[in-house]
(Lines of atoms letter the chains of each structure in order from A and count residues from 1; the text may use other names and numbers.)
(Lines give C-alpha, C1' and ligand atoms only; values in the text may rest on other atoms or scores of the structure.)
Protein backbone atom coordinates (compact mmCIF):
# COMPACT_ATOMS: atom_id res chain seq x y z
CA UNK A 1 0.00 0.00 0.00
CA UNK A 2 1.24 3.48 -0.87
CA UNK A 3 -0.68 5.26 1.91
CA UNK A 4 -2.85 7.07 -0.68
CA UNK A 5 -6.62 6.71 -0.77
CA UNK A 6 -7.83 4.40 -3.52
CA UNK A 7 -9.89 5.67 -6.44
CA UNK A 8 -13.58 5.00 -5.74
CA UNK A 9 -16.83 4.71 -7.62
CA UNK A 10 -19.70 7.13 -7.04
CA UNK A 11 -21.34 6.55 -3.70
CA UNK A 12 -24.18 4.05 -3.62
CA UNK A 13 -26.06 6.60 -1.52
CA UNK A 14 -26.60 8.54 -4.76
CA UNK A 15 -28.77 5.71 -6.10
CA UNK A 16 -31.45 6.11 -3.42
CA UNK A 17 -32.39 9.60 -4.60
CA UNK A 18 -35.00 10.17 -7.30
CA UNK A 19 -34.11 12.28 -10.31
CA UNK A 20 -36.76 14.91 -10.99
CA UNK A 21 -36.10 16.85 -14.22
CA UNK A 22 -38.69 19.53 -13.47
CA UNK A 23 -41.04 20.42 -10.66
CA UNK A 24 -43.88 17.86 -10.61
CA UNK A 25 -47.48 18.96 -11.20
CA UNK A 26 -49.96 18.78 -8.34
CA UNK A 27 -49.58 19.02 -4.59
CA UNK A 28 -45.88 19.37 -3.82
CA UNK A 29 -46.19 20.64 -0.24
CA UNK A 30 -44.31 17.62 1.10
CA UNK A 31 -41.44 17.86 -1.41
CA UNK A 32 -38.07 19.47 -0.79
CA UNK A 33 -35.49 19.60 -3.56
CA UNK A 34 -31.73 19.20 -3.24
CA UNK A 35 -30.06 20.32 -6.47
CA UNK A 36 -26.56 19.77 -7.85
CA UNK A 37 -25.28 23.34 -8.22
CA UNK A 38 -22.34 22.34 -10.41
CA UNK A 39 -24.70 20.70 -12.91
CA UNK A 40 -27.05 23.69 -12.94
CA UNK A 41 -24.22 26.17 -13.61
CA UNK A 42 -23.74 24.45 -16.98
CA UNK A 43 -27.49 24.39 -17.75
CA UNK A 44 -28.08 28.13 -17.37
CA UNK A 45 -27.46 30.20 -20.50
CA UNK A 46 -24.99 32.92 -19.63
CA UNK A 47 -25.63 36.35 -21.17
CA UNK A 48 -23.20 37.38 -23.93
CA UNK A 49 -22.58 40.73 -22.29
CA UNK A 50 -23.24 41.09 -18.61
CA UNK A 51 -21.86 40.51 -15.16
CA UNK A 52 -21.58 37.62 -12.76
CA UNK A 53 -24.48 39.26 -10.92
CA UNK A 54 -26.58 38.81 -14.08
CA UNK A 55 -25.66 35.12 -14.16
CA UNK A 56 -26.71 34.81 -10.51
CA UNK A 57 -30.08 36.44 -11.25
CA UNK A 58 -30.73 34.08 -14.18
CA UNK A 59 -29.58 31.09 -12.12
CA UNK A 60 -31.91 31.93 -9.23
CA UNK A 61 -34.86 32.62 -11.58
CA UNK A 62 -34.36 29.21 -13.22
CA UNK A 63 -34.30 27.44 -9.84
CA UNK A 64 -37.40 29.27 -8.60
CA UNK A 65 -39.30 28.63 -11.86
CA UNK A 66 -38.62 24.89 -11.95
CA UNK A 67 -38.40 23.99 -8.25
CA UNK A 68 -40.07 26.74 -6.20
CA UNK A 69 -38.89 27.92 -2.80
CA UNK A 70 -38.27 24.60 -1.03
CA UNK A 71 -34.78 24.10 -2.45
CA UNK A 72 -31.21 23.64 -1.32
CA UNK A 73 -28.49 24.00 -3.95
CA UNK A 74 -25.33 22.05 -3.14
CA UNK A 75 -21.85 22.65 -4.56
CA UNK A 76 -19.41 19.89 -3.65
CA UNK A 77 -16.41 22.08 -2.98
CA UNK A 78 -13.91 21.27 -0.28
CA UNK A 79 -11.34 23.27 1.61
CA UNK A 80 -7.77 23.27 0.34
CA UNK A 81 -6.56 21.12 3.24
CA UNK A 82 -9.30 18.46 3.07
CA UNK A 83 -8.18 14.85 3.06
CA UNK A 84 -10.92 12.82 1.43
CA UNK A 85 -11.54 10.91 -1.78
CA UNK A 86 -12.71 14.03 -3.65
CA UNK A 87 -9.57 15.96 -2.68
CA UNK A 88 -7.29 13.05 -3.62
CA UNK A 89 -9.00 12.70 -7.02
CA UNK A 90 -8.68 16.44 -7.56
CA UNK A 91 -4.94 16.22 -6.80
CA UNK A 92 -4.57 13.40 -9.34
CA UNK A 93 -6.28 15.53 -11.99
CA UNK A 94 -4.22 18.62 -11.14
CA UNK A 95 -1.06 16.71 -11.98
CA UNK A 96 -2.37 16.43 -15.55
CA UNK A 97 -3.52 20.02 -16.11
CA UNK A 98 -4.07 23.26 -14.28
CA UNK A 99 -6.09 26.42 -14.75
CA UNK A 100 -5.72 29.86 -13.28
CA UNK A 101 -7.65 31.14 -10.31
CA UNK A 102 -10.16 33.89 -11.08
CA UNK A 103 -11.38 36.19 -8.34
CA UNK A 104 -14.65 37.97 -9.10
CA UNK A 105 -17.66 39.68 -7.58
CA UNK A 106 -21.19 40.42 -8.82
CA UNK A 107 -20.12 43.47 -10.85
CA UNK A 108 -17.26 41.69 -12.65
CA UNK A 109 -17.95 41.76 -16.39
CA UNK A 110 -18.10 38.43 -18.21
CA UNK A 111 -15.40 37.92 -20.82
CA UNK A 112 -16.09 36.37 -24.22
CA UNK A 113 -14.68 32.87 -24.44
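Numbering (our numbering), first residue to last: 1 to 113. Every residue, glycine too, gets a C-beta built ideally from N, C-alpha and C. Just so we're clear, the structure is a prediction, and the values are computed from it rather than from any experiment.
Which partner residues does residue i have in the DSSP bridge list?
{"i": "residue 51", "result": "109"}
{"i": "residue 73", "result": "35"}
Between residue i and residue j, how many whole angstroms is the CB-CB distance? I'm expecting something under 8 Å.
{"i": "residue 106", "j": "residue 56", "result": "7 Å"}
{"i": "residue 71", "j": "residue 33", "result": "5 Å"}
{"i": "residue 35", "j": "residue 73", "result": "5 Å"}
{"i": "residue 52", "j": "residue 110", "result": "7 Å"}
In or out: residue i buried (at least 16 other Cβ within 10 Å) or exposed?
{"i": "residue 67", "result": "buried"}
Which of helix, strand or coil does DSSP assign to residue i?
{"i": "residue 97", "result": "coil"}
{"i": "residue 119", "result": "Lying outside 1 to 113, the shown extent of the chain, residue 119 is not represented and no answer is given."}
{"i": "residue 15", "result": "helix"}
{"i": "residue 88", "result": "helix"}
{"i": "residue 63", "result": "helix"}
{"i": "residue 45", "result": "coil"}
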